[in-house]
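*Asks:* Chains as they are written, first to last, in UniProt numbering: chain A, 1 to 209; chain B, 1 to 209. Mind looking over this structure? Questions follow.
Number of protein chains: 2
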Amino acid sequence: MPKKVDHEARRREISEALWRITGSRGLDAASLRDVAAEAGISLGRLQHYFRTRDEMLIFALRHINQLAADRIRARIEALAEEPTPREVLRACLTGMLPLDDNSRIGVLVGAAYYARAVHDATLRAEARNGIPQLGAFFADQLRRAAERGELPPERATEDQAMLLISVADGLASYVLLEVHEPQAAVRLLDLHLANLFGDAVEGQAPAGE
Amino acid sequence: MPKKVDHEARRREISEALWRITGSRGLDAASLRDVAAEAGISLGRLQHYFRTRDEMLIFALRHINQLAADRIRARIEALAEEPTPREVLRACLTGMLPLDDNSRIGVLVGAAYYARAVHDATLRAEARNGIPQLGAFFADQLRRAAERGELPPERATEDQAMLLISVADGLASYVLLEVHEPQAAVRLLDLHLANLFGDAVEGQAPAGE
Chain A
1 MPKKVDHEAR
11 RREISEALWR
21 ITGSRGLDAA
31 SLRDVAAEAG
41 ISLGRLQHYF
51 RTRDEMLIFA
61 LRHINQLAAD
71 RIRARIEALA
81 EEPTPREVLR
91 ACLTGMLPLD
101 DNSRIGVLVG
111 AAYYARAVHD
121 ATLRAEARNG
131 IPQLGAFFAD
141 QLRRAAERGE
151 LPPERATEDQ
161 AMLLISVADG
171 LASYVLLEVH
181 EPQAAVRLLD
191 LHLANLFGDA
201 VEGQAPAGE
Chain B
1 MPKKVDHEAR
11 RREISEALWR
21 ITGSRGLDAA
31 SLRDVAAEAG
41 ISLGRLQHYF
51 RTRDEMLIFA
61 LRHINQLAAD
71 RIRARIEALA
81 EEPTPREVLR
91 ACLTGMLPLD
101 DNSRIGVLVG
111 AAYYARAVHD
121 ATLRAEARNG
131 IPQLGAFFAD
141 QLRRAAERGE
151 LPPERATEDQ
161 AMLLISVADG
171 LASYVLLEVH
181 EPQAAVRLLD
191 LHLANLFGDA
201 VEGQAPAGE
């Protein structure tokens, strides 16, 4: 195996050690020394892969975002052969919620970075990395839905796409805070899609009547 | 002035010192010693008001949530004499966004608590404190809107009310991350209200056409 691949593989192992600490105790608990211990290597060895804590943090954030993207791609591929745009959107958005161990650690690590990124422009740039592409992908699905007559055409906008991302992200935080059970968050996400797509009234009684 | 009031006033001053540190450097930077220095009092004096750091954190969180609630109440009172339920909802939801210095510090402090609350059940309970009441208030506004024929009646639900809270919270985070300008977040919030209330099509061209 070429040396470069080994290097990347080892960096990924180290970032997984960082996530385990972050997921259980938060990002501030993760010093280079702690991460080295968690990864079962010496501090000197770790510093061979990451010279600074910031370098490690950025790598680990990119890596976890990559895994989240892979997970969402797998969810789309697991759909029926010709999924509707709405099915594609739903698969992506539910993939952003902490519904299982892998996505939960992703959202936990994201929460830790978020709190730090609000005070750190470099991390902030990393944290929002990928959002424009995700927004463009969602907007494309909305346009496809409108073309198929499944969405009111005036709702096939970039703003609606960005709103979808904010909704999923807001719901993900509320699952971590235990405001909502994971399945309630999925229900609220479906409710947002129903509002957006203008689903027909199902005749249920309004609350409180 | 009775002694009890003095005690509370001093505790509020200390919690404001905590927010200033949290707003600029994060919650982990705020030790009892740092907060005492920021408040211009001795550590011993601070410990007269808060025996532990956790006691100080909880008090400061309740205090900032109270200020946010007061700010939202003031926004509602500043509306026209008979605001529509939708105007009331909009005033509350925009009040949750970081649109000025006071609301920005509130959201920054909220971000710091959020990252910590995911690992701490006591803080988690505090962080979600008030959400059920806010949800009930929003659901009540939705029911009023439906009674006035301004909202499809099947949308006057507790779930729609909880979705509104998540949307505002998700957008607030994205303003801190500089994904959205404050005014773009307001625009997306209005878009969500338009989806919810089923606003008539305005005939604008869909994106990309």
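All C-beta atoms in this analysis are idealised placements derived from N, C-alpha and C, irrespective of residue type, glycine included. Model, not experiment: these values are computed from the prediction.
1) Which class does arginine 144 of chain B belong to by DSSP, given the choice of helix, strand or coil?
2) What residue does the alpha helix (DSSP H) around valine 175 of chain A start on, and which one ends it?
3) Could one say the Cβ of alanine 36 of chain B lies closer than 8 Å to chain A's Cβ atoms, at least one of them?
4) Is it true that the CB of arginine 53 of chain B sits closer than 8 Å to the CB of leucine 32 of chain B?
5) Leaving aside the five residues before and after valine 107 of chain A along the sequence, list all residues of the same chain whose C-beta is less than 7 Å from its C-beta, in chain order.
6) Can you give me the Cβ contacts of aspartate 70 of chain A inside the same chain, cut-off strictly under 6 Å, excluding the 5 residues immediately before and after it?
7) Mind checking asparagine 195 of chain B: buried by the 16 CB within 10 Å criterion, or exposed?
8) Does the beta carbon of leucine 57 of chain B come closer than 8 Å to any beta carbon on chain A?
9) Do you know offhand how far histidine 119 of chain B's Cα is from glutamate 154 of chain A's?
10) Is there a Cβ from chain A that is less than 8 Å from the Cβ of valine 118 of chain B?
11) Using beta-carbon positions only, say whether alanine 115 of chain A and alanine 139 of chain A come within less than 8 Å of one another.
12) Cβ closer than 9 Å: which chain B residues qualify as neighbours of arginine 128 of chain A?
13) So which residues of chain A does glutamine 160 of chain B contact, with C-beta pairs closer than 7 Å?
14) Where does glutamate 150 of chain B sit, in a helix, a strand or coil, going by DSSP?
15) Just the C-alpha distance for glycine 23 of chain A and threonine 84 of chain A, rounded to the nearest angstrom, thanks.
16) Taking Cβ positions only, does alanine 68 of chain A come closer than 8 Å to chain B?
17) Please classify valine 88 of chain B: does DSSP put it in a helix, a strand, or coil?
18) Can you determine whether any heavy atom of the ligand ATP sits closer than 7 Å to the C-beta of leucine 27 of chain A, and answer yes or no?
19) Which residue wins for smallest C-alpha separation from alanine 17 of chain B, given the options B:Glu8, B:Lys4, B:His7 and B:Ala37?
20) Take serine 103 of chain A as the anchor and find which of A:Leu151, A:Phe59 and A:Asp169 has the nearest alpha-carbon.
21) Within the 8 Å Cβ cut-off, does glycine 95 of chain B reach chain A?
22) Using 8 Å as the limit for Cβ to Cβ distance, is glycine 149 of chain A near chain B?
23) Give me the Cα-Cα distance between alanine 125 of chain B and isoleucine 58 of chain B, rounded to the nearest whole angstrom.
24) Rounded to whole angstroms, what's the CA-CA distance from arginine 128 of chain A to glutamate 178 of chain B? Just pull it up for me.
25) Could you check what DSSP says for valine 35 of chain A in three-state terms: helix, strand or coil?
26) Would you identify the three-state DSSP class for residue 278 of chain B, choosing helix, strand or coil?
27) At which residues does the alpha helix (DSSP H) containing serine 103 of chain A begin and terminate?
28) Tell me, please, whether the CB atom of alanine 111 of chain B is closer than 8 Å to any CB atom in chain A?
29) From this set, A:Leu27, A:Ala29, A:Leu46 and A:Asp28, which residue's C-alpha is nearest alanine 9 of chain A's C-alpha?
30) Are the C-beta of arginine 124 of chain B and some C-beta of chain A separated by less than 8 Å?
31) In angstroms, rounded to a whole number, what distance separates the CA positions of isoleucine 64 of chain A and glycine 135 of chain B?
32) What does arginine 86 of chain A reach in chain B if we use C-beta pairs closer than 9 Å?
33) If leucine 93 of chain A and leucine 164 of chain A are in contact, beta carbons under 8 Å, what's the gap, nearest whole angstrom?
34) Pull out every residue of the stretch 10-41 of chain B whose Cβ sits closer than 8 Å to any Cβ of chain A, in chain order.
35) Using 8 Å as the limit for Cβ to Cβ distance, is serine 166 of chain A near chain C?
36) Tell me the DSSP secondary structure of residue 212 of chain B in three-state form.
*Replies:* So, from the data block:
1) Helix, per DSSP.
2) According to the DSSP assignment, valine 175 of chain A belongs to the alpha helix (DSSP H) that extends over 158-176.
3) So no, alanine 36 of chain B is outside the interface.
4) Leucine 32 of chain B is a Cβ neighbour of arginine 53 of chain B, given a cutoff of 8 Å.
5) Beyond the five residues adjoining it in sequence on each side, valine 107 of chain A comes within less than 7 Å, by CB distance, of Pro98, Ala172 and Leu176 in the same chain, given in chain order.
6) If we look at aspartate 70 of chain A and ignore the five residues flanking it on each side, it has no Cβ neighbours.
7) So asparagine 195 of chain B ends up on the buried side.
8) Cβ-Cβ to chain A under 8 Å: no for leucine 57 of chain B.
9) Going by the C-alpha atoms only, they are around 42 Å apart.
10) Yes, because at least one Cβ of chain A sits closer than 8 Å to the Cβ of valine 118 of chain B.
11) No; because the gap between Cβ atoms is not below 8 Å, this pair is not in contact.
12) Arginine 128 of chain A reaches chain B at Tyr174, Leu177, Glu178 and Val179, counting residues in chain order whose Cβ is nearer than 9 Å.
13) For glutamine 160 of chain B, the chain A residues whose Cβ falls inside 7 Å of its Cβ are Leu191, in order along the chain.
14) Here glutamate 150 of chain B sits in coil by DSSP.
15) Answer to the nearest angstrom: the Cα atoms are 35 Å apart.
16) With 8 Å as the cut-off, alanine 68 of chain A does not count as an interface residue toward chain B.
17) Helix at valine 88 of chain B.
18) Ligands in the displayed structure: none, and consequently the ligand ATP is not present.
19) Looking at the Cα atoms, B:Ala37 is the closest of the given residues.
20) Looking only at A:Leu151, A:Phe59 and A:Asp169, the smallest Cα-Cα distance to serine 103 of chain A is reached by A:Asp169.
21) Chain A has no Cβ within less than 8 Å of the Cβ of glycine 95 of chain B.
22) The beta carbon of glycine 149 of chain A does not come within 8 Å of any beta carbon belonging to chain B, so the residue lies off that interface.
23) Looking at the two C-alpha atoms, the distance is approximately 10 Å.
24) Rounded to the nearest angstrom, the two C-alpha atoms are 8 Å apart.
25) Looking at valine 35 of chain A - three-state DSSP - the assignment turns out to be helix.
26) Lying outside 1 to 209, the shown extent of chain B, residue 278 of chain B is not represented and no answer is given.
27) Counting along the chain, the alpha helix (DSSP H) containing serine 103 of chain A begins and ends at 101-117.
28) Taking a beta-carbon distance threshold of 8 Å, alanine 111 of chain B counts as an interface residue toward chain A.
29) When the alpha-carbon of alanine 9 of chain A is set against those of A:Leu27, A:Ala29, A:Leu46 and A:Asp28, the nearest one is in A:Leu46.
30) True, the Cβ-Cβ gap to chain A drops below 8 Å.
31) Rounded to the nearest whole angstrom, the C-alpha separation of isoleucine 64 of chain A and glycine 135 of chain B is 33 Å.
32) Chain B residues near arginine 86 of chain A: none, gap ~14 Å exceeds 9 Å.
33) Going by Cβ atoms, the distance from leucine 93 of chain A to leucine 164 of chain A rounds to 6 Å, so yes, they are a contact pair.
34) Listed in sequence order: Ser24, Arg25, Gly26, Leu27 and Asp28.
35) Reference to chain C is not applicable here, since the protein chains of this structure are A and B.
36) The first residue shown for chain B is 1 and the last is 209, placing residue 212 of chain B beyond what the model contains.
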